[in-house]
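Taking it in order: structure first as structure tokens, then the write-up.
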Amino acid sequence: MMIDYSPIWISFKCAAFSIFITFFLGLFAARWMMTLKNKVIQLIFDGIFTLPLVLPPTVMGFFLLLIFGVNQPIGSFFLNVFGVRIAFSFSATVIAAVVISFPIMYRSARGALEQVDTDLVDAARTLGMSETSIFFKVLVPNALPGIISGGVLSFARGLGEFGATAMLAGNIVGKTRTLPLAVYSEVVSSDMHSASFYVVVIIAICFTAVILLNIYQLWVKKKRGF
């Protein structure tokens, strides 16, 4: 049977949009959490931000449907005001990928930022630098390897998202069918040849991403003299 290449393009678009959103959202969420003084509030928000990592993706997809469904407040608002239907659209694949991959970026960025030497931050404050300047000129450069690692892993996670995408975006050929959904569809239809092709593509992309991440980390260690 002829192989449909649209899931590859859809997955790449979805992963590209989602990592752009997730990268900055996770980074700034991590920074915001570090500025919270109330430990109770910090624990609550940390739990909320991490929840998509531990809940089944289909459960997260269910919650997303309750938010963005056409008969739900936000979903109906976008449909009635802007004429945009979020559920079962390409936008839904991006939203699902962002929600599922966000905790990886958030926790990686927070862990990397918290490991930066506090003496560097204190020294920057004594020099009169603002908190924004400290974040961009001190914290981010020193935490960059961990932040980049979180970004790469989030990209791979978004690319491989299945459960939440199936719930919110559906499995529409040429529109919302990503690579994981294509694998499932072809297996169900007993087309193992096409399913195997999609599996190889996913493995190749994810393996390449991990190899590039390892090369980057080795380069950073060499640069720092380790």
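Note that the sequence shown covers residues 1 to 226 in the UniProt record's numbering.
For glycine and all other residues, C-beta sits at the position ideal for the given N, C-alpha and C.
- Item | Rounded distance between the beta-carbons of V94 and F17, thought under 8 angstroms | 5 angstroms
- Message: Quick check: what's the CA-CA separation for S76 versus S89?
- Response: 14 angstroms
- Query: Using 8 angstroms as the threshold, is the segment 62-73 in touch with the segment 119-133, meaning 3 or more CB pairs across them?
  - Reply: The answer is no - the segment 119-133 does not touch the segment 62-73, with fewer than three Cβ pairs under 8 angstroms.
- Message: Quick check on A204: buried or exposed, where buried means 16 or more other Cβ atoms within 10 Å of its Cβ?
- Response: exposed
- Can you name, in chain order, every residue of its own chain whose Cβ lies under 8 angstroms from the Cβ of V121, other than the five neighbours on each side? I134, V138, L139
- Item | Beta-carbon proximity of S108 to G146, cut-off 8 angstroms | Yes.
- Note down the Cα distance separating I44 from T165, rounded to an integer number of angstroms. 26 angstroms
- Query: Hey, F155 and P180: beta-carbon distance below 8 angstroms or not?
  - Reply: no
- Message: I'd like the list of long-range same chain contacts for R157, defined as Cβ closer than 7 angstroms, with 5 residues on each side in sequence excluded.
- Response: These residues qualify, in order along the chain: I100, S101, I104.
- Which residue from T58, P141, V183, S196 puts its Cα closest to that of M167? T58
- Item | Reduced DSSP category for E161 - H, G, I as helix; E, B as strand; rest coil | When DSSP states are grouped into helix, strand and coil, E161 belongs to the coil group.
- Quick one: Cα of A169 to Cα of D119, how far? 47 angstroms
- Same chain only: Cβ atoms within 7 angstroms of Y216, ignoring 5 sequence neighbours per side: I148
- Query: Considering only residues of the segment 158-204, which uninterrupted alpha helix (DSSP H) runs meet the minimum length of 4 residues and lie entirely inside it, listed in chain order?
  - Reply: 163-168, 179-188
- Using DSSP with H/G/I as helix, E/B as strand and the rest coil, what is I37? Strictly speaking, residue 37 in this sequence is Lys, with Ile absent from that position. K37 sits in coil when the DSSP states are folded into three classes, being neither helix nor strand.
- Would you grab the beta carbon distance between Y106 and G160 for me? Rounded to a whole angstrom, and I think it's under 8 angstroms. Contact doesn't hold; Cβ gap of about 18 angstroms is too wide.
- Query: How would you write the range of the alpha helix (DSSP H) that F63 sits in, first residue to last?
  - Reply: 57-68
- Taking the C-alpha atoms as reference points, what is the distance between E186 and A96? 22 angstroms
- Task: Starting from G111, trace the alpha helix (DSSP H) both ways and give me its first and last residue.
- Result: Segment 90-114, the alpha helix (DSSP H) holding G111.
- Whole-Å CB distance - L21 paired with V98, under 8 angstroms assumed: Position check: residue 21 holds Ile in this sequence, whereas Leu was assumed. Between V98 and I21 the Cβ distance is about 5 angstroms, and since that is below 8 angstroms, they are a contact.
- Task: Identify whether Q72 lies in helix, strand or coil by the three-state DSSP scheme.
- Result: coil
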